[in-house]
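Let me begin by presenting the structure, written as structure tokens, before commenting on it.
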Amino acid sequence: MFDDPPPMTGHPMAAAYTRAMTGWLDKVMILDTDVFYDPDDLAALVLAAGTVPNLVVITADETGGRRARLARHALDLLDRADVPVIAGLELPGGERRFLMDDYLDGLKPQPDDLVDSVARICATTTGLIDWVGMGPMTNYAAVVTAAPELAERFVLTQMGGWIDKYRDKSRASHNLRTDTVSAGLGLRVAHKPRLMLSDFTNAPAIHITPEWALMGSLRSSVHPAAKLLVANFDVWFERRGGSWMHDPLALSLGLNLPFVRLRSEWLRIAPDARLYRDLDGRVMEVSSAVDYSGFLDWFHEGLLAGVCR
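In terms of our numbering, the sequence shown opens at residue -13 and continues consecutively.
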């Protein structure tokens, strides 16, 4: 399945930089994303399509397979027909967290045999597999529950959780609180999960608003993937004033790029998926500092190379 990695479709410098920093070409990355809600997920998908040769996409917080159908379409627009798309599991209220119904006409359903599909993909390769979680942890928990031997092969990078700073300290951040049981299970099963904490993703430096120059570049592009990304931003802007690039930052961590510094913390996972420092807890690797300037250079170059060429 992954014997011959496809050529990189992004900007040559961005692709080479990513490959040099990560040190792998043949490693599989699973992107577990609730794409087509907050547009940071689609931005991350564009970046991954341009930089990860052996990419697999699983849709989180599914709603009748709609995310998977549109993810398949987006990848086809990005010349990544080789990337498998698997429709993941549904959660209550998921239909409220999908914003792109107007773009589904004529799109075909994608496979939804989550556990079997992941097991087959894992069987095509040896060694560790990167699992980058950009949505609720439902899919990850389901896979490692049904096939616990795979947990030893997954290197889990998850966007979410907070320790010190969050806009509402009475609850966990979005990805973990959407499915608290799966978050608790997944974080306990994973060996030293790496968390891109919300403490560092809710940062003004990576808060894209309609006035950003980037939006002007995207709007001027004739690339159909750019038009889809702009549509996702626009429908989001109707609800919120801007979009934090949580998931592209998490992707950069999953790629082992040098923008996010990690430290080890002993953390207790509460029933509501909030995290607390506790020496009786579990060891996790958590973000402790971010080079926002370096990240934005990579983000802009990779995104514009993917959809403005």
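C-beta atoms are modelled at their ideal positions from N, C-alpha and C, and glycine is treated no differently.
Check, Outcome
"So, for Arg66: in the same chain, excluding its five sequence neighbours on each side, which residues have a beta-carbon less than 6 Å away from its beta-carbon?", "Ala35"
"Give me the Cα-Cα distance between Thr49 and Val43, rounded to the nearest whole angstrom.", "16 Å"
"What beta strand (DSSP E) runs, 3 residues minimum, are completely inside the segment 204 to 257?", "246 to 255"
"Here's the rule: buried if 16 or more other CB atoms are within 10 angstroms of the residue's CB, otherwise exposed. What is Asp52?", "Checking the sequence, you will find Arg at residue 52 rather than Asp. Arg52 should be labelled buried."
"Is the beta carbon of Ala259 less than 7 Å from the beta carbon of Ala158?", "yes"
"Mind listing, in chain order, the continuous alpha helix (DSSP H) runs of no fewer than 4 residues lying wholly within the segment 67 to 115?", "100 to 109"
"When the Cα of Ala169 is compared with those of Gly119, Ala191, Arg295, Val38, which residue comes out closest?", "Gly119"
"In the DSSP assignment, find the beta strand (DSSP E) that holds Phe140 and state where it starts and stops.", "140 to 145"
"Taking 7 Å as the CB-CB cut-off, is Asp47 touching chain C?", "No chain C appears in this structure, which consists of one protein chain only."
"Out of Asn125, Ala211, Gly121, state which residue places its alpha-carbon closest to the alpha-carbon of Ala105.", "Asn125"
"Compute the distance between the beta-carbons of Leu85 and Tyr23, then report whether it is under 7 Å.", "yes"
"Let me make sure I understand the geometry here. Which of Leu261, Trp230, Ser279 has the alpha-carbon closest to that of Pro244?", "Ser279"
"In three-state DSSP terms, what is Arg260?", "coil"
"Measure from the alpha carbon of Glu138 to the alpha carbon of each residue in Ala275, Met145, Thr112, Asp102, then state which is nearest.", "Thr112"
"With a 10 Å radius around its C-beta and 16 neighbouring C-beta atoms as the bar for buried, classify Ala291 as buried or exposed.", "buried"
"When you compare the CB positions of Gly267 and Arg254, do they come within less than 7 Å of one another, or not?", "yes"
"Any idea what DSSP makes of His177, helix, strand or coil?", "coil"
"Given a cut-off of 7 Å on the beta-carbon distance, is the pair Leu237 and Leu33 in contact?", "yes"
"May I have the straight-line CA-CA distance separating Asn188 from Ala57, to the nearest angstrom?", "25 Å"
"Would you give the residue range spanned by the beta strand (DSSP E) that Met287 belongs to?", "It is Glu, not Met, that sits at residue 287 in the sequence shown. Per DSSP, Glu287 belongs to no beta strand (DSSP E); it is in the alpha helix (DSSP H), 278 to 293."
"Tell me which residues share the same chain as Leu90 and place their Cβ nearer than 7 Å to its Cβ, disregarding the 5 neighbours each side in the sequence.", "Arg52, Arg55, Leu56"
"With a CB to CB cut of under 7 Å and the five nearest residues on each side skipped, what residues in its chain are close to Phe223?", "Pro196"
"Using a threshold of 7 Å, state whether the C-beta atoms of Leu142 and Ala176 are closer than that.", "yes"
"Quick check on the burial criterion: 16 or more other C-beta atoms within 10 angstroms. Buried or exposed for Trp252?", "exposed"
"I need the boundaries of the alpha helix (DSSP H) containing Val32, first residue and last residue.", "26 to 37"
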